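Let me begin by presenting the structure, written as structure tokens, before commenting on it.
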Amino acid sequence: MITTQQQPVFSTESSLLQQTGMVVWLMGLSGAGKSTIAGLLKQKLEVDGIFSVLLDGDTLRGGINKNLGFSDSDRMENVRRAAEIANMLAENNVVAICSLITPLHEHQQVVRETIRMPYFEVFVDCPITVCERRDVKGLYKKARQNEIKHFTGISAPFKTPLHADLRLYTADQEPAQSTQFLYEQIIRAIKPY
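For the sequence shown, the UniProt record's numbering assigns the number 1 to the initial residue and increments by one for each residue that follows.
Rendered as structure tokens:
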């Protein structure tokens with residue numbers, strides 16, 4: 001016999017993940033260390049039993065955002081889509097670790113407006129000269145030779161974030177040290193002790 005008043009399988013108060021969802025957004029120039037720090041943070045959180053998902057700008061542009069170019073409007077849409085995905089993950093108690101250049105104040109603002117969950121903004125601050133030395137993909141060289149148009153820091157601007165919760169100076173810090181600083185800032189918000 002089928003009844004019309006069935007009990008839900010999960011109560012609305014329960015959570016499969018015993019953690020608080022949040023969005024950690026790392027922004028900065030290409031080569032500043034965003035992806036490296038994001039990956040190390042994910043590993044560090046896993047040791048604590050905290051589930052996180054990486055949303056990396058390069059990966060997103062190879063998939064969900066592959067139809068976007070590098071005009072201001074396409075960059076805005078790239079950032080907006082990533083913020084929407086990150087927010088959905090955080091609403092489901094996942095820690096979303098985002099590493100996107102996020103070059104303009106307008107882009108940075110749309111992230112803050114889109115994310116309704118706890119949000120922690122990180123400026124991965126590194127001089128362009130150091131970023132160019134680290135350039136394993138050769139992107140800065142191509143941009144300097146005009147082979148890449150609208151390259152942030154060369155032919156397109158990067159605006160220093162105005163509302164960063166943390167500023168990591170990665171020219172002077174090892175990635176593990178930067179990751180530790182970030183971890184210490186967010187861990188209590190994710191898994192209160």
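Beta carbons: idealized from backbone N, C-alpha and C, even for Gly. Computed from a predicted structure; not experimentally measured.
Range covered by the alpha helix (DSSP H) that runs through E121
Mapped onto the sequence shown, residue 121 falls at position 121. Careful: E121 lies outside any alpha helix (DSSP H), inside the beta strand (DSSP E) at 119-125.
Beta-carbon separation (whole angstroms), I50 vs K191, contact threshold 8 Å
Sequence index remark: in the sequence shown, residue 50 carries index 50 (1-based). Sequence index remark: in the sequence shown, residue 191 carries index 191 (1-based). Rounded, the Cβ-Cβ distance is 6 Å, consistent with contact.
Evaluate contact between the segment 66-73 and the segment 146-165, counting only Cβ atoms and requiring at least three cross-stretch pairs below 8 Å.
Flag = yes, the segment 66-73 and the segment 146-165 touch.
Tell me the start and end of each unbroken beta strand (DSSP E) in the segment 135-191 that is at least 3 residues and wholly inside, in chain order.
List check, beta strand (DSSP E) in window: 166-169.
Is it the case that the Cβ atoms of G21 and V94 are separated by a distance below 9 Å?
The residue labelled residue 21 in the question sits at position 21 within the sequence shown. The residue labelled residue 94 in the question sits at position 94 within the sequence shown. Yes, the pair counts as a contact, with Cβ atoms nearer than the cut-off.
Using a Cβ-Cβ cutoff of less than 7 Å, which residues in the same chain neighbour Y183 once the five nearest sequence positions on both sides are dropped?
One-based indexing of the sequence shown puts residue 183 at position 183. If we look at Y183 and ignore the five residues flanking it on each side, its Cβ neighbours are L41, K44.
Beta-carbon proximity check, A90 vs N65, cutoff 9 Å:
Against the sequence shown, residue 90 aligns to sequence position 90. Against the sequence shown, residue 65 aligns to sequence position 65. The answer is no: Cβ separation not under 9 Å.
Out of Q18, T36, V23, R188, point me to the one whose CA is closest to T179's CA.
Position 179 of the sequence shown, counting from 1, holds the residue named residue 179. When each option's Cα is compared against that of T179, the closest is T36.
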